[in-house]
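*Asks:* Before I ask anything, here is the structure I am working with.
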Amino acid sequence: MSENNRPQDDTEVIEGIVVGVDGSDQGLCALKWAAQEAKRRGSVLNIVTAYTIPVFAASSMDAGYATLDDQLIRNGAEEVVRQARATLTDTDIMVRTYIESGDPAGVLLDLSRQAELIVVGTRGRGGFVGRLLGSVSSALPAHAKCPTVVVPLCVAKRDEDDAKVADRVVVGVDGSDRARLAVLVAAELAATRGLTLRVVCALTPISGALAWMPATVDQEAVTADVRHQMGIGKAWLQSLFSNLTIETDVIDGAPVEILIRESQTAKLLVTGSRGRGGFAGMLLGSTSQGVLHHSKGPVMVVPDGDDPRLASRQEFEDQANGL
13 MSENNRPQDD TEVIEGIVVG VDGSDQGLCA LKWAAQEAKR RGSVLNIVTA
63 YTIPVFAASS MDAGYATLDD QLIRNGAEEV VRQARATLTD TDIMVRTYIE
113 SGDPAGVLLD LSRQAELIVV GTRGRGGFVG RLLGSVSSAL PAHAKCPTVV
163 VPLCVAKRDE DDAKVADRVV VGVDGSDRAR LAVLVAAELA ATRGLTLRVV
213 CALTPISGAL AWMPATVDQE AVTADVRHQM GIGKAWLQSL FSNLTIETDV
263 IDGAPVEILI RESQTAKLLV TGSRGRGGFA GMLLGSTSQG VLHHSKGPVM
313 VVPDGDDPRL ASRQEFEDQA NGL
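With our numbering applied, the sequence shown has no gaps in its numbers, which climb one by one up to 335 at the end.
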């Protein structure tokens, strides 16, 4: 292992995986997952903590503010990083540590412009190191420039029993290009790990969700059409990842509930940052938030972006429809 402290200027390029820690068990759980992922990828692991200097009104003053000593708070942040690094025993990964002054969410968002992956826990302990990882884990996935993985604390206990975890990556889709981008990322992860890719579409029953929908709408016909589109998507993915085992499933139910259930046994659940809504629900806007708060396993949120491989998806649909 090696480590360094980030210089005060902005000239250094951050590469690899960034994990936010704050001394909480949630942060350490995220760190363990990030370290394992860094080893799988052969990437640098960057351990980051961020702190702010609280400003409070001094009761002994008629007006004005007092601030805590910056060095005292920084010393505490340095101890958080030191303890986090001490938990890592794998000598096959390069580790770098950074202590940043500023809002934790803002710091991680800035780092996401260069990092390949940001990893955080579901919530933190707060205190002097800021608010990693509670509101941060909610806000970060929606604005990060690279994929974000949120690791719930229950993962540590779940992964102790290998029988509870299936060898698959699960991704939720709704037919939007954003979801298809998430599928590509999920497929790459599954392929490089030798795992099965499970593509799931949660289809909320029309009768219960859309009271204004004309009675002539046939739920079975809608389901059949979704299955047809899923088949096209599977053929498209198979053309890109020929050795990847792909499963597809259309499940009746609310997207949040379905994806949370899938997270119980998946090694990783992947979603887009938001979706197109419509009959398949809002995968993955409010849905992604619900999944992040209640997931039983790690969740990766893939931000909007461009991928030239998306263009070939339409060709498969045209061929399937005889166009």
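From the three backbone atoms N, C-alpha and C, an ideal C-beta is built for every residue, glycine too.
Give me the residue from V25, L120, L43 and D34 with the minimum Cα distance to G88.
*Replies:* Taking the sequence shown and counting its residues from 1, the one referred to as residue 88 is at position 76. Comparing Cα positions, the closest option is D34.
*Asks:* With a threshold of 16 other CB atoms inside 10 Å of the CB of G290, please say whether the residue is buried or exposed.
*Replies:* Indexing the sequence shown from 1 puts residue 290 at position 278. In this prediction, G290 scores a pLDDT of 37, lower than 50, which makes its location untrustworthy; the coordinate-derived value is nonetheless stated afterwards. It is exposed - the Cβ of G290 has fewer than 16 other Cβ atoms within 10 Å.
*Asks:* Measure the C-alpha to C-alpha separation of I130 and V31 and round it to an integer number of angstroms.
*Replies:* Position 118 of the sequence shown, counted from the first residue, corresponds to residue 130. Position 19 of the sequence shown, counted from the first residue, corresponds to residue 31. Between I130 and V31, the C-alpha separation is close to 6 Å.
*Asks:* In the DSSP assignment, what residue or residues form a beta bridge with R108?
*Replies:* The residue labelled residue 108 in the question sits at position 96 within the sequence shown. DSSP, once it has assigned bridges, lists N58 as partnering R108.
*Asks:* Less than 8 Å between the beta carbons of V211 and R239, yes or no?
*Replies:* As a first step, residue 211 is located in the sequence shown; it is residue number 199 there, counting from the start. As a first step, residue 239 is located in the sequence shown; it is residue number 227 there, counting from the start. No; because the gap between Cβ atoms is not below 8 Å, this pair is not in contact.
*Asks:* Applying the 10 Å Cβ sphere with the 16-neighbour rule, what's the burial state of V25?
*Replies:* Taking the sequence shown and counting its residues from 1, one reaches residue 25 at position 13. It is exposed - the Cβ of V25 has fewer than 16 other Cβ atoms within 10 Å.
*Asks:* Kindly indicate the opening and closing residues of the alpha helix (DSSP H) around E49.
*Replies:* As a first step, residue 49 must be located in the sequence shown, where it is residue number 37. D37 to R53 is the span of the alpha helix (DSSP H), which, as asked, contains E49.
*Asks:* What number of angstroms, rounded off, separates the C-alpha of E269 from the C-alpha of A194?
*Replies:* Here residue 269 refers to the residue found at position 257 when the sequence shown is read from its first residue. Here residue 194 refers to the residue found at position 182 when the sequence shown is read from its first residue. Their backbone Cα atoms lie some 19 Å apart in a straight line.
*Asks:* With DSSP collapsed to three states, give me the class of A98.
*Replies:* For the purposes of this step, residue 98 is taken as residue 86 along the sequence shown, with counting starting at 1. Looking at A98 - three-state DSSP - the assignment turns out to be helix.
*Asks:* Compute the distance between the beta-carbons of L252 and R321, then report whether it is under 8 Å.
*Replies:* Mapped onto the sequence shown, residue 252 falls at position 240. Mapped onto the sequence shown, residue 321 falls at position 309. Contact flag set, yes.
*Asks:* Specify, as a first and last residue, the run of the alpha helix (DSSP H) that C166 falls within.
*Replies:* Numbered from its first residue, the sequence shown carries residue 166 at position 154. Looking at the DSSP string, the run of the alpha helix (DSSP H) that includes C166 is C166 to R170.
*Asks:* State buried or exposed for A98, treating a residue as buried only when at least 16 other CB atoms are found within 10 Å of its CB.
*Replies:* Indexing the sequence shown from 1 puts residue 98 at position 86. By the 10 Å Cβ count, A98 comes out exposed.
*Asks:* What did DSSP end up calling E24 once you bin it into helix, strand or coil?
*Replies:* Within the sequence shown, numbered from 1, the residue matching residue 24 stands at position 12. In the structure shown, E24 sits in coil (DSSP, three-state: anything other than H, G, I, E or B).
*Asks:* Between E27 and Q126, how many whole angstroms is the CB-CB distance? I'm expecting something under 8 Å.
*Replies:* Within the sequence shown, residue 27 is the residue found at index 15, counting from 1. Within the sequence shown, residue 126 is the residue found at index 114, counting from 1. The pair is a contact, with the Cβ atoms about 7 Å apart (cut-off 8 Å).
*Asks:* How do the segment 48-61 and the segment 97-112 stand: do at least 3 beta-carbon pairs fall below 8 Å, yes or no?
*Replies:* Taking 8 Å as the limit for Cβ pairs, the verdict is that the segment 97-112 does touch the segment 48-61.
*Asks:* Have a look at T257, T283, Q250 and A266 and flag the residue whose alpha-carbon is nearest the alpha-carbon of V313.
*Replies:* Mapped onto the sequence shown, residue 313 falls at position 301. It is T283.
*Asks:* Output the distance between the C-alpha atoms of R137 and L40, rounded to the nearest integer angstrom.
*Replies:* For the purposes of this step, residue 137 is taken as the residue at position 125 of the sequence shown. For the purposes of this step, residue 40 is taken as the residue at position 28 of the sequence shown. Residue placement at R137 is flagged as unreliable, the pLDDT there being 47, under the threshold of 50; a coordinate-derived value is accordingly withheld.
*Asks:* Would you mind listing the alpha helix (DSSP H) stretches within the segment 185-273 that are 4+ residues and don't spill past its ends, in chain order?
*Replies:* Listed in chain order, they are 189-205, 218-221 and 231-252.
*Asks:* Under three-state DSSP, which class holds S307?
*Replies:* Position 295 of the sequence shown, counting from 1, holds the residue named residue 307. Of the three classes helix, strand and coil, the one that applies to S307 here is coil, per DSSP.
*Asks:* Do three or more CB pairs link the segment 153-162 to the segment 181-189 at distances below 8 Å?
*Replies:* As far as the Cβ criterion goes, the segment 153-162 does not touch the segment 181-189, which means the pair count is below three.
*Asks:* Mind checking whether K51 and D104 have CB atoms under 8 Å apart?
*Replies:* Your numbering for residue 51 matches position 39 in the sequence shown. Your numbering for residue 104 matches position 92 in the sequence shown. In contact: K51 and D104 (Cβ atoms closer than 8 Å).
*Asks:* Is the beta carbon of P164 less than 8 Å from the beta carbon of A214?
*Replies:* Here residue 164 refers to the residue found at position 152 of the sequence shown. Here residue 214 refers to the residue found at position 202 of the sequence shown. No, they are not a contact pair.
*Asks:* Pick out whichever of E128, G265, L123 and T299 has its Cα sitting closest to the Cα of Q231.
*Replies:* If you number the sequence shown from 1, residue 231 lands on position 219. Checked all of E128, G265, L123 and T299; the closest Cα to Q231 is G265.
*Asks:* Spatial neighbours of A247 within its chain, please: CB distance less than 8 Å, with the 5 preceding and 5 following residues excluded, ordered by chain position.
*Replies:* Indexing the sequence shown from 1 puts residue 247 at position 235. Only F328 and A332 meet the Cβ criterion.
*Asks:* Could you pull out every residue in the same chain whose Cβ sits closer than 6 Å to the Cβ of G334, ignoring the five residues on either side in sequence?
*Replies:* One-based indexing of the sequence shown puts residue 334 at position 322. Same-chain partners within the cutoff: there are none.
*Asks:* By DSSP, does G138 sit in helix, in strand, or in coil?
*Replies:* Start at 1 with the first residue of the sequence shown, and residue 138 comes out as number 126. Here G138 scores only 46 on pLDDT, less than 50, and its place in the model should not be relied on; the value that follows carries that caveat. It is coil, neither helix nor strand.
*Asks:* Thinking S285 and G309 are a contact (beta carbons under 8 Å), I'd like their distance in whole angstroms, please.
*Replies:* In the sequence shown, residue 285 corresponds to position 273, counting from 1. In the sequence shown, residue 309 corresponds to position 297, counting from 1. So it is not a contact: roughly 19 Å between Cβ atoms.
*Asks:* Beta-carbon separation of T277 and V132 under 8 Å?
*Replies:* Working through the sequence shown from its first residue, we reach residue 277 at position 265. Working through the sequence shown from its first residue, we reach residue 132 at position 120. Contact: no.
*Asks:* Nearest CA to the CA of I111: which residue from T134, E128 and D82?
*Replies:* One-based indexing of the sequence shown puts residue 111 at position 99. Minimum Cα distance to I111 is reached at D82.
*Asks:* Just the C-alpha distance for I85 and T257, rounded to the nearest angstrom, thanks.
*Replies:* Indexing the sequence shown from 1 puts residue 85 at position 73. Indexing the sequence shown from 1 puts residue 257 at position 245. Taking the straight line from one Cα to the other gives about 50 Å.
*Asks:* Tell me which same chain residues have a C-beta within less than 7 Å of the C-beta of D189, skipping the five on either side of it?
*Replies:* Counted from its first residue, the sequence shown places residue 189 at position 177. Cβ neighbours of D189 beyond the five flanking positions: L322.
*Asks:* Near V197, which residues of its chain fall below 7 Å by C-beta distance, leaving aside the five closest residues on each side in sequence?
*Replies:* Here residue 197 refers to the residue found at position 185 of the sequence shown. Within the same chain, V197 has close Cβ partners P159, V282 and V314.
*Asks:* What three-state label does DSSP hand T64 in the structure shown?
*Replies:* To locate residue 64, count along the sequence shown from 1; it is residue 52. In the structure shown, T64 sits in coil (DSSP, three-state: anything other than H, G, I, E or B).
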